[in-house]
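Here is the structure we will look at, set down as structure tokens.
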Amino acid sequence: MPRAYNFSAGPAMLPETVLEQAKTELLDWRGAGMSVMEMSHRGKEFVSIAEQAEADLRELLMIPKDYKVLFLQGGATSQFAMIPMNLLRGKMKADYLNTGIWSEKAIAEAKHYCQVNVVATGKDKKFTTVPERNSWNCDIDAAYFHYTPNETINGVEIHAVPDISVPIVADMSSTILSRPIDVSKFGLIYAGAQKNIGPAGLTIVIVREDLLGNTILSTPTMFDYKAQVEAESMLNTPPTYAWYIAGLVFKWVKAQGGLIAMGERNQRKAEKLYQAIDNSSFYANPVDPTYRSWMNVPFTLANPDLEKTFLSEAKDAGLVTLAGHRSVGGMRASIYNAMPEQGVAALVDFMKDFEKRKA
Ligand code: PMP
Numbered sequence: 049m050p051r052a053y054n055f056s057a058g059p060a061m062l063p064e065t066v067l068e069q070a071k072t073e074l075l076d077w078r079g080a081g082m083s084v085m086e087m088s089h090r091g092k093e094f095v096s097i098a099e100q101a102e103a104d105l106r107e108l109l110m111i112p113k114d115y116k117v118l119f120l121q122g123g124a125t126s127q128f129a130m131i132p133m134n135l136l137r138g139k140m141k142a143d144y145l146n147t148g149i150w151s152e153k154a155i156a157e158a159k160h161y162c163q164v165n166v167v168a169t170g171k172d173k174k175f176t177t178v179p180e181r182n183s184w185n186c187d188i189d190a191a192y193f194h195y196t197p198n199e200t201i202n203g204v205e206i207h208a209v210p211d212i213s214v215p216i217v218a219d220m221s222s223t224i225l226s227r228p229i230d231v232s233k234f235g236l237i238y239a240g241a242q243k244n245i246g247p248a249g250l251t252i253v254i255v256r257e258d259l260l261g262n263t264i265l266s267t268p269t270m271f272d273y274k275a276q277v278e279a280e281s282m283l284n285t286p287p288t289y290a291w292y293i294a295g296l297v298f299k300w301v302k303a304q305g306g307l308i309a310m311g312e313r314n315q316r317k318a319e320k321l322y323q324a325i326d327n328s329s330f331y332a333n334p335v336d337p338t339y340r341s342w343m344n345v346p347f348t349l350a351n352p353d354l355e356k357t358f359l360s361e362a363k364d365a366g367l368v369t370l371a372g373h374r375s376v377g378g379m380r381a382s383i384y385n386a387m388p389e390q391g392v393a394a395l396v397d398f399m400k401d402f403e404k405r406k407a
């Protein structure tokens, strides 16, 4: 059985060479006589794995020295609470941009801790576009500005970092490592690992040092970034195996040519798929072309009665997990870093053939 092209939004495809290496090292990691899963997180072998992963991530993203990198648990969802707990720093207000379902979840959680000022919302346009920057009602007294550069469900992506006067906090769960970014423009970046980094269970946080150390009083120690920095993300037992696989993925990204090469490839993949959708009256994508995601491409069929057949025939052709999120329906192709260009080409060929037969 060949490996499928898996268009899942996350957990998502991992590079095959990474899985092969994990397989080779599964029972005995480089002569240690044990699997990485069986190692003490405080032993020198695992510490070397952890340090190398951080060094490679720092190199890939060119993370400045005054930023700390954390390897945490709890998913991006825990960050929705940890961010206000840590970054309000005595202030009462935070700015949030609402571009879709994940922004809304972050907003709902932040409301437990502070006054949330929604600077603008795309809701009235069904999250198919992002309100113009000059219409945003930003508050200069906000502790920080939060946004979701890539909305995984709606397929809406803000391709340039907005110009904002307070620290910018970004949920990069579904776009981190998809292209180069200028980390110095952000106060904090966070991402669940299970799309572009590695297995679920690991959450990456990149945070500017000077924002740390002023948490709200009731913050649990596990949720305190500064305490996690001081413990090198090992306040408790970290997700060691996921951390190791993330390290292999970082090496793979470097071997692909780093983030510039990754970005070029991702843009080509996305353009090919959007072009196929736009050139047909059988498929449609509702998102404003300026804000179309490179990572998650939702699309609908002109005749929704054909969706089930589309999905089952696609599966028979080795193209799996193409159903849209349960909240929006339709189809969605997630084409993260590990989706090869051949995978997108195979999907486009399948879509053309399906249209020819069913339209
Ligand atoms: N933010 C975004 C943009 C996401 O795509 C997801 C997961 N799909 C989350 C947050 C939640 O992540 P987790 O499941 O790691 O908590």
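At position 232 of the sequence shown (counting the first as 1) the number is 280 in my numbering, and the numbers step up by one without a gap. Ideal Cβ positions, reconstructed from N, Cα and C, are used throughout, including at glycine. Bear in mind that the values here come from a model prediction, so they are computed numbers and not experimental data.
### Task
Return the chain-ordered ranges of every beta strand (DSSP E) run that is complete within the region 292-369 and spans a minimum of 3 residues.
344-349
### Task
Use the C-beta contact count for ASP401: other C-beta atoms within 10 angstroms, 16 or more gives buried, fewer gives exposed.
exposed
### Task
Kindly say whether HIS89, judged by its beta-carbon, lies nearer than 8 Å to any beta-carbon of chain B.
Looking for chain B here will not work: only one protein chain is present.
### Message
Quick test of your reading: THR267 and MET133, contact by CB under 8 Å. State the CB separation rounded to the nearest angstrom.
### Response
5 Å
#### Entry: Inter-residue Cα distance where the pair is LYS159 and SER213
22 Å
### Message
Taking only three categories from DSSP, how would you classify ASP143?
### Response
strand
### Query
On the three-state DSSP scale, how would you describe ARG256?
Strand at ARG256.
### Query
What runs of the alpha helix (DSSP H), each 4 residues or longer, lie entirely inside the region 83-154?
92-109, 123-135
### Closer than 5 Å: residues whose CB approaches a heavy atom of the ligand PMP
GLY123, ALA124, THR125, TRP150, THR200, ASP219, SER221, SER222, GLY240
### Residues that DSSP places opposite ASP219 in a beta bridge
Paired residue(s): TYR238.
### Task
Starting from the C-beta of PRO63, find all residues in its chain whose C-beta is less than 7 Å away, skip the five residues before and the five after it, and write them out in chain order.
VAL297, TRP300, ALA386
### Task
Would you list the one or two residues that DSSP bridges to GLN163?
DSSP output for GLN163 lists LYS141 as bridge partner(s).
### Query
Hey, how far is the Cα of LEU370 from the Cα of ASP230?
A direct Cα-to-Cα measurement between LEU370 and ASP230 gives close to 32 Å.
#### Entry: Cβ pair TYR161, LEU136 closer than 8 Å
yes
### Query
Is the beta carbon of ALA57 sitting closer than 8 Å to the one on THR200?
yes
#### Entry: Contacting residues, own chain, Cβ-Cβ under 8 Å from ARG181 (five flanking each side not counted)
Closer than 8 Å at Cβ, skipping near neighbours: PRO210, ASP211.
### Query
When DSSP labels each residue in this structure, what does MET399 get in the three-state scheme?
Looking at MET399 - three-state DSSP - the assignment turns out to be helix.
### Task
Would you mind reading off the limits of the alpha helix (DSSP H) that contains TYR273?
273-278
### Task
Starting from the Cα of ALA318, find the closest Cα among GLY306, ASN333, LEU367 and give me that residue.
For ALA318, the nearest C-alpha among the options comes from ASN333.
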